[in-house]
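Participant:
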Amino acid sequence: MLADLRIAIAGDLHGAWDHSDHGLLAILKPDGLLVVGDLSDGHQRIPSLLRQLKLPVACVLGNHDTGKDSSGRTLQRQIEALGPLHCGWGLCQWPGLAVVGARPASAGGGFHLSQAALSAFGPVTLQQSVDRITTAAMAADPDVPFILLGHSGPTGLGSEATAPCGRDWKPPAMDWGDQDLALAIEQIRRHRPVPLVVFGHMHHALRRGQGERVSFCRDRAGTAYLNTACVPRHGSDAAGRDLRHFSWVEFSGQQLVHVSHRWYGLGGELLYEERLFEVPVAARLDAPQLSLC
Ligand SMILES: [Fe+2]
């Protein structure tokens, strides 16, 4: 049984996006592309490229997308360049999927607006941010799969440096997630399930030789959390083959059934895969049920 919906996700780009990625997407033909921000440092090249793609794309901008421009103008130009692709504090609704963006330009660390974000958005309280995310989620079609897309993940996923949003660049290690996103998830769950939260920002390779980050977990409510920040996402293997990283998720109906990190060759060959979550076909909610009569 094939999944109903196949979504490619590009973690923090930091400039690593070009026509080779477009060629790969043309071969892989996912149903949509999610982009978690930190496209570059405020340059126009990548938003323009993303606008050229022929598949549905949803993007939330990250802290690097401010270009360290405290006037907020660089951040605003990035948002304008992305146009309808930017879902920060809003909804991107496709025929088979609803994507709701968390707070744009987040650098994690609870709830903090940089000077660039303050200049671009004005003062926004924690509760206002929570309400913006929740309101966007309430407008989403209840009959299609639903994904929350943040640059930073939510608080509550652990305080260790290796946690999906754990601070690793200086001691002490602590939970560096976004508090508004965590509160929004709680509010949204009163109305509909939240099957998947996708984010980046906290790179997989930890600083100071501390190893690799845990990039996937699920909570007791059944929400899955996926950190996609494999940086750099362009590379090569020991055989000299070019590699492109995408995280990959699949839904069967409204059920999340597959999550992985994938490294593709430029011709679309799946060269390496780290499988993070898989629901066997027989356990899927829309699988044919055996009669006991
Ligand atoms: Fe970031």
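Each residue of the sequence shown is one higher than the one before, starting from 175 at the first, in our numbering. From the three backbone atoms N, C-alpha and C, an ideal C-beta is built for every residue, glycine too.
1. Can you find the residues in the same chain that come closer than 6 Å, C-beta to C-beta, to A310, ignoring five residues on each side of it along the sequence?
2. Look up F373 in the DSSP assignment and say whether it is helix, strand or coil.
3. Can the beta-carbon of D411 be found closer than 8 Å to that of L444?
4. With Y468 and F420 assumed to form a contact (beta carbons below 8 Å), what rounded beta-carbon distance in angstroms separates them?
5. For A281, which three-state DSSP category applies?
6. Distance, Cα to Cα, H427 vs G409?
7. Looking at C-alpha atoms only, which residue of P406, L322, R277 is the closest neighbour of L300?
8. Mind listing, in chain order, the continuous beta strand (DSSP E) runs of no fewer than 3 residues lying wholly within the segment 203-277?
9. Would you mind sorting Q226 into buried or exposed? The rule is 16 or more other CB atoms within 10 Å of its CB.
10. Using DSSP bridges, identify the partner residues of L444.
11. Report yes or no: do three or more beta-carbon pairs, one from the segment 288-295 and one from the segment 360-374, lie closer than 8 Å?
12. When you compare only the Cα positions, how much space is there between D215 and H188?
Facilitator: Looking at the atomic coordinates:
1. Here the question's residue 310 lines up with position 136 in the sequence shown. Around A310: G264, L265, V274.
2. For the purposes of this step, residue 373 is identified with residue 199 of the sequence shown, where counting begins at 1. Three-state result, F373: strand.
3. To locate residue 411, count along the sequence shown from 1; it is residue 237. To locate residue 444, count along the sequence shown from 1; it is residue 270. No, these two residues do not count as a Cβ contact at 8 Å.
4. Residue 468 falls outside the range modelled here, since the chain spans only 175 to 467, and no answer is possible.
5. The residue labelled residue 281 in the question sits at position 107 within the sequence shown. The DSSP-derived three-state label of A281 is coil.
6. The residue given as residue 427 occupies position 253 in the sequence shown. The residue given as residue 409 occupies position 235 in the sequence shown. Sequence check: residue 427 is Gly here, not His. Between the alpha carbons of G427 and G409 lies a gap of roughly 34 Å.
7. In the sequence shown, residue 300 corresponds to position 126, counting from 1. Closest by alpha carbon: R277.
8. 206-209, 231-233, 265-268, 271-275
9. On the sequence shown, position 52 is the one that residue 226 refers to. With fewer than 16 Cβ atoms within 10 Å of its Cβ, Q226 is classed as exposed.
10. One-based indexing of the sequence shown puts residue 444 at position 270. According to DSSP, L444 bridges with Y438.
11. no
12. Numbered from 1 along the sequence shown, position 41 holds the residue referred to as residue 215. Numbered from 1 along the sequence shown, position 14 holds the residue referred to as residue 188. Rounded to whole angstroms, D215 to H188 spans 7 Å at the Cα level.
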